[in-house]
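Just so you know, the sequences run in chain order B and S. So that you can map any letter, position 22 of the first sequence is 815 in the numbering used here, and since no number is skipped, the others follow by simple counting. So that you can map any letter, position 66 of the second sequence is 859 in the numbering used here, and since no number is skipped, the others follow by simple counting.
2 protein chains.
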Amino acid sequence: MAQSNNVTPLFNDLAKIQRDHNIACQDCSLYRLCLPLGLHSDDLAQLDQIIKRSQSYKRRQSLFTVDNKFTSLYVVRSGSFKTMISASNGRDQVTGFYFPGEFIGLDAIHQQTYQSNAKALESSSVCELPFENLQELGKDMPKLQVQLLTRLSKELAGDKSLMLLLGKKTAGEKLATFLLSLSKRFQDRGFSSTEFQLTMSRTDIANHLGLAVETVSRILSRFQEDDLIVITGKAISLQNIGKLKALCG
Amino acid sequence: MAQSNNVTPLFNDLAKIQRDHNIACQDCSLYRLCLPLGLHSDDLAQLDQIIKRSQSYKRRQSLFTVDNKFTSLYVVRSGSFKTMISASNGRDQVTGFYFPGEFIGLDAIHQQTYQSNAKALESSSVCELPFENLQELGKDMPKLQVQLLTRLSKELAGDKSLMLLLGKKTAGEKLATFLLSLSKRFQDRGFSSTEFQLTMSRTDIANHLGLAVETVSRILSRFQEDDLIVITGKAISLQNIGKLKALCG
DNA sequence: TTGTTTCCATGATCTAGGTCCATAAATTTG
DNA sequence: CAAATTTATGGACCTAGATCATGGAAACAA
Chain B
794 MAQSNNVTPL
804 FNDLAKIQRD
814 HNIACQDCSL
824 YRLCLPLGLH
834 SDDLAQLDQI
844 IKRSQSYKRR
854 QSLFTVDNKF
864 TSLYVVRSGS
874 FKTMISASNG
884 RDQVTGFYFP
894 GEFIGLDAIH
904 QQTYQSNAKA
914 LESSSVCELP
924 FENLQELGKD
934 MPKLQVQLLT
944 RLSKELAGDK
954 SLMLLLGKKT
964 AGEKLATFLL
974 SLSKRFQDRG
984 FSSTEFQLTM
994 SRTDIANHLG
1004 LAVETVSRIL
1014 SRFQEDDLIV
1024 ITGKAISLQN
1034 IGKLKALCG
Chain S
794 MAQSNNVTPL
804 FNDLAKIQRD
814 HNIACQDCSL
824 YRLCLPLGLH
834 SDDLAQLDQI
844 IKRSQSYKRR
854 QSLFTVDNKF
864 TSLYVVRSGS
874 FKTMISASNG
884 RDQVTGFYFP
894 GEFIGLDAIH
904 QQTYQSNAKA
914 LESSSVCELP
924 FENLQELGKD
934 MPKLQVQLLT
944 RLSKELAGDK
954 SLMLLLGKKT
964 AGEKLATFLL
974 SLSKRFQDRG
984 FSSTEFQLTM
994 SRTDIANHLG
1004 LAVETVSRIL
1014 SRFQEDDLIV
1024 ITGKAISLQN
1034 IGKLKALCG
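Structure follows, in structure tokens:
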């Protein structure tokens, strides 16, 4: 492709990438889901200045790893990430998946070191928010602080639900709940709530839900037999959201 | 006891209770663990004014229940609490236990309604922090905001560890991890790290760890046979913290 | 193109821990 | 205080889902 004799498409792609990455918060399609929500335009301009945009990560590349010094919060701009923590004996737990507009690193604030490994699931990009600058800014911008608290609180509530899932639900209920949670998040982001890509591997899903990979495969096959979903590789289509909801327990 | 002809002990008890409950933040034994950490004394005085102290709850009494309007954060002053969330079919999950100096209700900020039921495990008391006042105060008190963020972040990190426990650990590992987590928290509060009361029922423990009550009983008995612990009803004594740590996985 | 590796699906077996039951101890109530 | 209820323990059995094993399909490298 680099030696293509027609240079226009490549040029356009690059231009588009530039544009997407340098876009100001107020023009960003994620505005509604992201930190600046509710800020006045002059506050927004200040926030804009401290954000480091345009950070790209390839599949499997780490955003940070456990015990790295905590410097910044990250907001997913495009693509997706997973976070993992490890038990002393090597077993690990995928603690979350993160999609555009979602924050990564919130659990690092209290210790000033990152508490997990964060890895890109596909080619992805983030906005980096240096925490010190953010705090500095927050002093004169109460709404920013409220937004941060809200973000943390939301993730906390989500994790409590996940505890219910991990502790009390059957394999089928876990998968149904997981698929609907993804559906909801994609819908909130303006994507289809019924057709999307499972950017994480089956192994990641299994791990996250406290199941074996084999179980995930089997249940997904069963869901397919029951006409609840159609799966083709990583692409999934939810055929009967009502029944899936009923299965969540 | 009310008709005791010697009135002095009762009078003293009441005086003590009064004193304990109205004590100012700066004189509180929980100061080090609580919100005011790092505030200057005039800031502290302001915080003192918005705190509603002296709220007592009896065993089983609710601090709040799901979907109640969120108005305040609570800090445990004495005693202990549990929080629970419910699946649609009645199964529920104990999402946390809370001891003196710990915050309850942080996951309610984002929805403005409480996300769980919070119940006293014994006669307990809390300090109530009306959130609006707290936010108002936070505008001129950056350190207060940082403290709040830190609190949230800490609970978030704890919940991620709990996900690892629920998803990946065996029954024995779960119990060992749980006991050591309590031990650590009591130690931080200046209590014994080896001798304490399990104020929650075996059922609550089982539920929290994603186990059956019977399993909890059996494992605790096994730990006792192996001279790791001594249990007498709700009182527990850790005999071999080293071995317990090794069992955590 | 052909290894090489990673990922996914599915069948066959095994087991940790759940469920069910009975009893005993502790706590609450009247 | 006894009666009633709740809470704790332990045995017998069973099942959901883990583990083991195999083969095929993508993804990746050389």
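Note that the Cβ used here is the ideal one computed from N, Cα and C, for glycine as well.
For a test of the three-state rule: what should DSSP assign to residue i, helix, strand or coil?
i	result
K1038 of chain B	helix
A999 of chain B	helix
I1024 of chain B	strand
T932 of chain B	Rather than Thr, the amino acid found at residue 932 of chain B in this sequence is Lys. Coil at K932 of chain B, not helix or strand.
M993 of chain S	coil
C920 of chain S	strand
I902 of chain B	coil
N910 of chain B	strand
Q1032 of chain S	coil
I844 of chain S	coil
F984 of chain B	coil
N798 of chain B	The predicted model places N798 of chain B with a pLDDT of 34, which falls under 50 and marks its position as unreliable, so this point remains unresolved.
Y961 of chain S	A small correction: the amino acid at residue 961 of chain S is Lys; Tyr does not occupy that position in the sequence shown. Three-state DSSP puts K961 of chain S in a helix.
Q819 of chain B	helix
T858 of chain S	coil
K977 of chain B	helix
L1074 of chain B	Residue coverage of chain B in this structure runs from 794 to 1042, which leaves residue 1074 of chain B outside it and unanswerable.
Please report whether the beta-carbon of residue i lies at a distance below 8 Å from any beta-carbon of chain B.
i	result
L735 of chain S	The displayed coordinates of chain S run from 794 to 1042. Any statement about residue 735 of chain S would go beyond what the structure contains.
L1037 of chain S	no
Q928 of chain S	yes
S849 of chain S	no
R939 of chain S	The residue asked about is misnamed: residue 939 of chain S is Val in this sequence, not Arg. Chain B, which has a Cβ nearer than 8 Å to the Cβ of V939 of chain S, makes this yes.
N799 of chain S	Here the model assigns N799 of chain S a pLDDT of 34, short of 50, so the residue's position is not dependable, and the following value carries that caveat. Output row for N799 of chain S: interface = no.
M794 of chain S	Its pLDDT being 31, under 50, M794 of chain S is placed unreliably by the model, and the measurement read from it follows with that caveat. Chain B, which has no Cβ nearer than 8 Å to the Cβ of M794 of chain S, makes this no.
Please list, in chain order, the chain S residues whose beta carbon lies closer than 8 Å to that of residue i.
i	result
N882 of chain B	G1042
Since residue i meets chain S, which of its residues come closer than 9 Å, beta carbon to beta carbon?
i	result
K961 of chain B	A880, R884, D885, Q886, N1000 and G1003
Report the neighbours of residue i on chain B: residues whose CB is nearer than 8 Å to its CB, in chain order.
i	result
T943 of chain S	I902 and H903
P935 of chain S	Q928, G931 and K932
Counting C-beta neighbours from all protein chains within 10 Å, is the total for residue i 16 or more, i.e. buried, or is it exposed?
i	result
K977 of chain B	exposed
G883 of chain B	exposed
H833 of chain S	exposed
S985 of chain S	exposed
E1007 of chain B	exposed
E925 of chain B	exposed
V800 of chain B	Caution applies to V800 of chain B, whose pLDDT of 34 falls short of 50 and renders its modelled position unreliable; the model cannot decide the point.
G831 of chain S	exposed
Q908 of chain S	buried
S881 of chain B	exposed
D997 of chain B	buried
R1068 of chain S	In the structure as shown, chain S begins at 794 and stops at 1042. Residue 1068 of chain S is therefore absent and cannot be evaluated.
G960 of chain B	buried
M993 of chain S	buried
V1009 of chain S	buried
G1003 of chain B	buried
Q886 of chain B	buried
Q980 of chain S	exposed
V1023 of chain S	exposed
I1029 of chain S	buried
Does residue i come within less than 8 Å of chain S when only Cβ atoms are used?
i	result
G931 of chain B	yes
V868 of chain B	no
K809 of chain B	A caution first: K809 of chain B carries a pLDDT of 48, below 50, which makes its placement in the model unreliable, though a value can still be read off. With 8 Å as the cut-off, K809 of chain B does not count as an interface residue toward chain S.
P893 of chain B	no
I1034 of chain B	no
S946 of chain B	yes
Chain B partners of residue i, CB-CB under 9 Å?
i	result
P829 of chain S	Within chain B, no residue comes near P829 of chain S; the closest Cβ sits about 16 Å away, beyond 9 Å.
L957 of chain S	I878, S879, A880, R884, D885, Q886 and T888
K953 of chain S	T876, I878, Q886, T888, G889, D900, Q908, S909 and D952
Name the chain B residues whose beta carbon is nearer than 7 Å to that of residue i?
i	result
M993 of chain S	Under the 7 Å cutoff, chain B gives no residues; its nearest Cβ is about 15 Å from M993 of chain S.
Inset, instruction - May I ask you to verify whether the segment 865–874 of chain B touches the segment 888–900 of chain B, counting CB pairs closer than 8 Å and requiring at least 3? - result: yes
Legend entry - At least 3 beta-carbon pairs within less than 8 Å: the segment 948–955 of chain S vs the segment 898–906 of chain B: yes
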